[in-house]
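Worksheet: one structure, shown below.
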Amino acid sequence: MENNPSSSRTDRKTIERNRRNQMKDLYSQLHSLVPHQTSRGLQEVTSLPDQLDEAANYIKRLQTKLERMKEKKNNLMGIHEKSNASTDCGMTMGFKPPQIEIHEVGSALEVVLITGLDFQFMFNETIRVLHEEGAEIVNASFTVVEDTVFHTIHSKVGDSALGYGAAGIYERLNKFVSDASGI
Numbered sequence: 034m035e036n037n038p039s040s041s042r043t044d045r046k047t048i049e050r051n052r053r054n055q056m057k058d059l060y061s062q063l064h065s066l067v068p069h070q071t072s073r074g075l076q077e078v079t080s081l082p083d084q085l086d087e088a089a090n091y092i093k094r095l096q097t098k099l100e101r102m103k104e105k106k107n108n109l110m111g112i113h114e115k116s117n118a119s120t121d122c123g124m125t126m127g128f129k130p131p132q133i134e135i136h137e138v139g140s141a142l143e144v145v146l147i148t149g150l151d152f153q154f155m156f157n158e159t160i161r162v163l164h165e166e167g168a169e170i171v172n173a174s175f176t177v178v179e180d181t182v183f184h185t186i187h188s189k190v191g192d193s194a195l196g197y198g199a200a201g202i203y204e205r206l207n208k209f210v211s212d213a214s215g216i
């Protein structure tokens, strides 16, 4: 019995065709995941090397954006990188003065209070100030990350308090936070 060379060649051709089809499908999937910018309303046909370049550039932009977002998160949490290798994991986690951010959108007011674990009383005081200024608390939540507490308070400012009321709340809360930081 003789080994059939044409059968072997056909098997290799089939295997190679299947491999090419699989690669084509994978390229197509990758291309569909990358947002495309076209100058015209019609989708232009893009060569495979251009598609791969576009995907690589998109991934690089996402990596850069992720790094910026990580830096921003660390800054908000009060974590700072140190060049001193003797610190734990290169980060310092000490006393963090409380911080407050107030966002006003129409009649909605969002208050984000960032404190350390030793400033829990500030949440209650913030709620008290909002009530005194006539704001209706819609939702309040908190998240603890290591030794930092993020309080988020959503409230609604009444029509009579719009403008001046929101400004008054902003001034009172900022003064309260700055006074508490001096403790």
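Numbering (my numbering), first residue to last: 34 to 216.
Glycine included, each C-beta is placed from N, C-alpha and C at the ideal position.
Everything numeric in this text was worked out from a predicted model, so none of it was measured.
Apart from the five residues on each side of it in sequence, which residues of its chain come closer than 6 Å, Cβ to Cβ, to residue i?
i, result
"S87", "Ser is not the amino acid found at residue 87; the sequence shown has Glu there. Correct list, in chain order: V67."
"S262", "Nothing can be reported for residue 262: it is not among the residues displayed for the chain, which extend from 34 to 216."
"L99", "none"
"E137", "A199"
"H64", "Q84"
"I147", "Q132 and F183"
Would you call residue i buried or exposed, if buried means 16 or more other Cβ atoms sit within 10 Å of its Cβ?
i, result
"M155", "buried"
"H184", "buried"
"T159", "buried"
"T97", "exposed"
"E104", "exposed"
"I92", "exposed"
"I48", "exposed"
"F152", "buried"
"R82", "Before going further, note that residue 82 is Pro rather than Arg in the sequence given. Counting Cβ neighbours within 10 Å, P82 comes out exposed, since fewer than 16 surround it."
"V144", "buried"
"A89", "exposed"
Among the options, which one has its Cα closest to the Cα of residue i?
i, options, result
"E134", "N51, L63 and I202", "I202"
"D180", "G149, L142 and M56", "G149"
"V182", "E204, G167, L109 and N207", "L109"
Quick check on residue i: does DSSP put it in helix, strand or coil?
i, result
"E179", "coil"
"S39", "helix"
"E169", "strand"
Which same chain residues end up closer than 7 Å to residue i when comparing Cβ atoms and leaving out the 5 residues on each side of it in sequence?
i, result
"I170", "I160, L163, I186 and S188"
"S172", "The identity of residue 172 in the sequence shown is Asn, whereas the question assumes Ser. These residues qualify, in order along the chain: H187."
"T176", "F183"
Can you list, in chain order, the residues of its chain with a C-beta nearer than 8 Å to that of residue i? Leave out the 5 residues immediately preceding and following it.
i, result
"L195", "Only weak support is given to the placement of L195: the predicted model assigns it a pLDDT of 44, under 50, and the value that follows is read from those uncertain coordinates. Correct list, in chain order: S140."
task = Could I get the ranges of all uninterrupted beta strand (DSSP E) runs contained in the stretch 41 to 95, with 3 residues as the minimum, in chain order?
result = none
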